[in-house]
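J.:
Protein chains: 2
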Amino acid sequence: MKQAPFRAMNASAQQAPHPNYLEARRLSGLSDDPRGTVTRLEAVPFRLVSGAELDEVQVAYQTYGTLNAARSNAVLVCHALTGDQHVANPHPITGKPGWWELMVGPGQVIDTERYFVICINVLGGCLGTTGPKETNPATGRPWGIDFPVITVADMVRLQAALLDQLGIPDLFCVIGGSMGGMQVLDWAARYPERVFSAIPIATTARHSAQNIAFHEVGRQAIMADPNWAGGAYYGGPGPKAGLSVARMAAHITYLSEAGLHAKFGRKLQDRDALAFGFDADFQIESYLRHQGSTFVERFDANSYLYITRAMDYFDLAADYGGLLANAFRDTRTRFCVVSFTSDWLYPTAESRAIVHALNAVAAQVSFVELETDKGHDSFLLDVPEFYDVLRGFVGAAAERRGI
Amino acid sequence: MKQAPFRAMNASAQQAPHPNYLEARRLSGLSDDPRGTVTRLEAVPFRLVSGAELDEVQVAYQTYGTLNAARSNAVLVCHALTGDQHVANPHPITGKPGWWELMVGPGQVIDTERYFVICINVLGGCLGTTGPKETNPATGRPWGIDFPVITVADMVRLQAALLDQLGIPDLFCVIGGSMGGMQVLDWAARYPERVFSAIPIATTARHSAQNIAFHEVGRQAIMADPNWAGGAYYGGPGPKAGLSVARMAAHITYLSEAGLHAKFGRKLQDRDALAFGFDADFQIESYLRHQGSTFVERFDANSYLYITRAMDYFDLAADYGGLLANAFRDTRTRFCVVSFTSDWLYPTAESRAIVHALNAVAAQVSFVELETDKGHDSFLLDVPEFYDVLRGFVGAAAERRGI
Numbered sequence: 001m002k003q004a005p006f007r008a009m010n011a012s013a014q015q016a017p018h019p020n021y022l023e024a025r026r027l028s029g030l031s032d033d034p035r036g037t038v039t040r041l042e043a044v045p046f047r048l049v050s051g052a053e054l055d056e057v058q059v060a061y062q063t064y065g066t067l068n069a070a071r072s073n074a075v076l077v078c079h080a081l082t083g084d085q086h087v088a089n090p091h092p093i094t095g096k097p098g099w100w101e102l103m104v105g106p107g108q109v110i111d112t113e114r115y116f117v118i119c120i121n122v123l124g125g126c127l128g129t130t131g132p133k134e135t136n137p138a139t140g141r142p143w144g145i146d147f148p149v150i151t152v153a154d155m156v157r158l159q160a161a162l163l164d165q166l167g168i169p170d171l172f173c174v175i176g177g178s179m180g181g182m183q184v185l186d187w188a189a190r191y192p193e194r195v196f197s198a199i200p201i202a203t204t205a206r207h208s209a210q211n212i213a214f215h216e217v218g219r220q221a222i223m224a225d226p227n228w229a230g231g232a233y234y235g236g237p238g239p240k241a242g243l244s245v246a247r248m249a250a251h252i253t254y255l256s257e258a259g260l261h262a263k264f265g266r267k268l269q270d271r272d273a274l275a276f277g278f279d280a281d282f283q284i285e286s287y288l289r290h291q292g293s294t295f296v297e298r299f300d301a302n303s304y305l306y307i308t309r310a311m312d313y314f315d316l317a318a319d320y321g322g323l324l325a326n327a328f329r330d331t332r333t334r335f336c337v338v339s340f341t342s343d344w345l346y347p348t349a350e351s352r353a354i355v356h357a358l359n360a361v362a363a364q365v366s367f368v369e370l371e372t373d374k375g376h377d378s379f380l381l382d383v384p385e386f387y388d389v390l391r392g393f394v395g396a397a398a399e400r401r402g403i
Numbered sequence: 404m405k406q407a408p409f410r411a412m413n414a415s416a417q418q419a420p421h422p423n424y425l426e427a428r429r430l431s432g433l434s435d436d437p438r439g440t441v442t443r444l445e446a447v448p449f450r451l452v453s454g455a456e457l458d459e460v461q462v463a464y465q466t467y468g469t470l471n472a473a474r475s476n477a478v479l480v481c482h483a484l485t486g487d488q489h490v491a492n493p494h495p496i497t498g499k500p501g502w503w504e505l506m507v508g509p510g511q512v513i514d515t516e517r518y519f520v521i522c523i524n525v526l527g528g529c530l531g532t533t534g535p536k537e538t539n540p541a542t543g544r545p546w547g548i549d550f551p552v553i554t555v556a557d558m559v560r561l562q563a564a565l566l567d568q569l570g571i572p573d574l575f576c577v578i579g580g581s582m583g584g585m586q587v588l589d590w591a592a593r594y595p596e597r598v599f600s601a602i603p604i605a606t607t608a609r610h611s612a613q614n615i616a617f618h619e620v621g622r623q624a625i626m627a628d629p630n631w632a633g634g635a636y637y638g639g640p641g642p643k644a645g646l647s648v649a650r651m652a653a654h655i656t657y658l659s660e661a662g663l664h665a666k667f668g669r670k671l672q673d674r675d676a677l678a679f680g681f682d683a684d685f686q687i688e689s690y691l692r693h694q695g696s697t698f699v700e701r702f703d704a705n706s707y708l709y710i711t712r713a714m715d716y717f718d719l720a721a722d723y724g725g726l727l728a729n730a731f732r733d734t735r736t737r738f739c740v741v742s743f744t745s746d747w748l749y750p751t752a753e754s755r756a757i758v759h760a761l762n763a764v765a766a767q768v769s770f771v772e773l774e775t776d777k778g779h780d781s782f783l784l785d786v787p788e789f790y791d792v793l794r795g796f797v798g799a800a801a802e803r804r805g806i
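Here's what the structure looks like:
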């Protein structure tokens, strides 16, 4: 694969990577760079849906496995709002396992011994790809909120441009959950001839009013934090409190009421009786606070603003004359659409709308709604039937593709 | 009625009341006091569930109609988290109609020409009843978070103490939605002989993990605001941004996904196309921001902390040996339990649990689940069938009571 020379554009690599990450990288003979591979896009300026143009674009990604001689075994994994490219290796900041090791790895559904897997930090992200914390070439300082507003389509177009640059003509499979699923849908609509199979999971073809509302709460929490400083907080403490509140609010939407009840109920945290104070009396409080405080160590608040905005803007039908089916007309891509019964963020009805649109153009589509109380986050969790279903779909598609 | 002399204990009355409020008060021959009637509790010290004691307690309330000679026509209306005593008159701060004028007033279900209606600002509230913004007699300064943590039971016990003082022996009806419904349940359990009929609406007998989680997000948003200043913000700007975020997050839980979709969908705010920025592009964003910014004008952030905490602590069964039915053993109260199909904050299953407990002790109980897409807030809104149902129940109970 052809690769542009690495050029450090900013400070995102300055934090020392976690020992778990370093060990995994050394075992693979790779550099210590916490961003994985970092490449400069050659096809610049990169024009955004908004009309704005980026004169310099940096893309950070991870790969696993080997591209075969026919270049027919590439799988693109699309990450969600707070995900990143570290899908199947320890995280460089937290040291925790990759976010989708249940799905991607040797012998897994996305088998890295069979497929060449690539996962790209999205445009606007904060782990190496150009985004608000990276350097604005016009000023030499971080973009902050001078960074242009981006869309899911922009993320997908950047991924396609990177694959062009890497000499990967098409994809055996594009897979992702939540915002990753939005990218899958946009890929299938935008580049139908480049997508052999598509797996949009726990997702939607358009953000609902309730989805937008929750994101708006998160953004307001960040922007209400004086340490946000109008987005120009780099070098300072940053809006940790605001970002933590945003994460807490969002996290509730990733879980189901039944799942929360089963896991936490009204159980108390390290005490036998109510303390009659504002400390975390209940385990659910302590859990949420932990979710908030650990998140701020690994995520950039401005990226949170931009990526939630991109999700809110997502309305695939609007790009195709208001009719979702138009997005998939004449498609030959094989689809497997997956939803979870207890996902109230992107409930099954949203997946059904996608399936109806695909049916309307006689696309090849499997649809599975899985019974679980784990909520939206089910796609990241140990739901055995989920992996069984996808193993069958991916295996059959690979056979058809002759991999 | 006997009434303790009014004694201004703090600054809560200093804001000039809204002209609408003043006009309504003058028409009724009442004072300008924005708190309605304010009384000092005689039965002090008032001991709380936590064990703490309040040496001075002030109670603010509103009444409508006339107590009959038999003292048999009193109705207690219990307000919800962000409600207050101004149930059927213009609000002293916003000037908007009373929060339950659809339910309470001349000719309404709770007919103020037939019943004597009383609505009491809850303990810990911020419109005249003793709470964190009122003066701590030990210091002469506002309590702030030195105010003791309170419970729903404490609110109810204070209401009962006030009714004792006013010479109202029992209640023809106790009615309320949401946290008001919790008070109704506690009243019926704690003082069964004083409650002829009870109407808990859109409520629960115990706060769930998800309920606690949403409240915790709101509290963290408030406490993350530097202007919260550890709760000692009186005289300063106060944590308006944090309280606004808390309100926005909570407000989403008061509406249903379907209702939001019907009302807002993805409609844009005062524009024809996406603006590619962080202003409120969507109507739902503008609406939520408005909800947040108006709320902070009328509500105290510390009260929000204390009252949400009281709700989180609510678990009626826990006070009765872990079995909810025990709370209602031998009750002769007539119950009407109401839930709404689209209420996902306190879904119908929570009302069913209450009804099952009442059935287990052979209580007189009607249960109605009403079909609506208006979510939790349905009890405050124009849902005609809701008022029809309660008109029937209350009328029959009044006939039985001989009113």
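Protein chains in written order, with the working numbering: chain A, 1 to 403; chain B, 404 to 806. All residues carry an ideal CB built from backbone N, CA and C; glycine is no exception.
#1: What are the boundary residues of the alpha helix (DSSP H) that residue 296 of chain A is part of?
#2: Quick one: using the 10 Å Cβ neighbour count with 16 as the cut-off for buried, is residue 745 of chain B buried or exposed?
#3: 8 Å is my cut-off, CB to CB: does residue 540 of chain B come that close to chain A?
#4: What residues are listed by DSSP as bridge partners for residue 76 of chain A?
#5: Kindly indicate which three-state DSSP category residue 442 of chain B falls into: helix, strand or coil?
#6: Give me the Cα-Cα distance between residue 554 of chain B and residue 715 of chain B, rounded to the nearest whole angstrom.
#7: Name the DSSP bridge partner or partners of residue 769 of chain B?
#8: Can you name the residues that DSSP bridges to residue 539 of chain B?
#9: Flag residue 233 of chain A as yes if its beta-carbon sits less than 8 Å from any beta-carbon of chain B, otherwise no.
#10: Residue 19 of chain A lies in the alpha helix (DSSP H); which residues open and close that run?
#11: Using DSSP bridges, identify the partner residues of residue 200 of chain A.
#12: Among A:95, A:191, A:297, A:180, which one has its Cα closest to the Cα of residue 25 of chain A?
#13: Taking residue 665 of chain B as the reference, give the member of B:776, B:735, B:591 with the closest Cα.
#14: Between which two residues does the alpha helix (DSSP H) carrying residue 511 of chain B extend?
#15: According to DSSP, which residues form a beta bridge with residue 47 of chain A?
#16: Report the three-state DSSP secondary structure of residue 410 of chain B (helix, strand or coil).
#17: Examine chain B for any beta-carbon lying closer than 8 Å to the beta-carbon of residue 208 of chain A, and answer yes or no.
#18: Please report whether the beta-carbon of residue 307 of chain A lies at a distance below 8 Å from any beta-carbon of chain B.
#19: Using CA coordinates, which residue listed in B:802, B:460, B:590 is at the minimum distance from residue 550 of chain B?
#20: Kindly indicate which three-state DSSP category residue 466 of chain B falls into: helix, strand or coil?
#21: So that I know if they touch, is there some Cβ in chain A lying closer than 8 Å to that of residue 693 of chain B?
#22: Against chain B, does residue 342 of chain A count as a neighbour if the rule is that its beta carbon must be under 8 Å from one of theirs?
#23: Establish whether the CB of residue 260 of chain A and some CB of chain B are separated by less than 8 Å.
#24: Any beta-carbon of chain A closer than 8 Å to the one on residue 757 of chain B?
#25: Would you call residue 784 of chain B buried or exposed, if buried means 16 or more other Cβ atoms sit within 10 Å of its Cβ?
#26: Work out the CA separation of residue 246 of chain A and residue 518 of chain B for me, nearest whole Å.
#27: Would you kindly work out how many angstroms separate the C-alpha atoms of residue 188 of chain A and residue 198 of chain A, rounded to a whole number?
#28: Ends of the alpha helix (DSSP H) at residue 373 of chain A?
#29: Alpha carbon to alpha carbon, how far is residue 756 of chain B from residue 696 of chain B?
#30: So residue 443 of chain B contacts chain A; which residues on that side make the cut at Cβ distance below 7 Å?
#31: Taking 6 Å as the limit between beta carbons, can you name the residues of its chain near residue 361 of chain A, skipping five residues before and five after?
#32: What are the boundary residues of the alpha helix (DSSP H) that includes residue 796 of chain B?
#33: For the putative contact between residue 761 of chain B and residue 738 of chain B, defined by C-beta atoms under 8 Å, what is the C-beta separation to the nearest angstrom?
#34: From the DSSP secondary-structure annotation, give me the bridge partner or partners of residue 671 of chain B.
T.: According to the structure data:
#1: 283-298
#2: buried
#3: no
#4: A:118, A:174
#5: strand
#6: 9 Å
#7: B:739
#8: B:544
#9: no
#10: 19-27
#11: A:176
#12: A:95
#13: B:776
#14: Unbroken run through residue 511 of chain B: none, as it is neither H nor E.
#15: A:53
#16: Its pLDDT being 38, under 50, residue 410 of chain B is placed unreliably in this model, and the value from its coordinates should be taken loosely. In the structure shown, residue 410 of chain B sits in coil (DSSP, three-state: anything other than H, G, I, E or B).
#17: yes
#18: no
#19: B:460
#20: strand
#21: no
#22: no
#23: yes
#24: no
#25: exposed
#26: 46 Å
#27: 7 Å
#28: From DSSP, residue 373 of chain A is part of no alpha helix (DSSP H); its letter is neither H nor E.
#29: 36 Å
#30: What residue 443 of chain B touches in chain A: nothing, since even the nearest Cβ is about 25 Å away.
#31: 325, 328, 329
#32: 787-804
#33: 6 Å
#34: B:685
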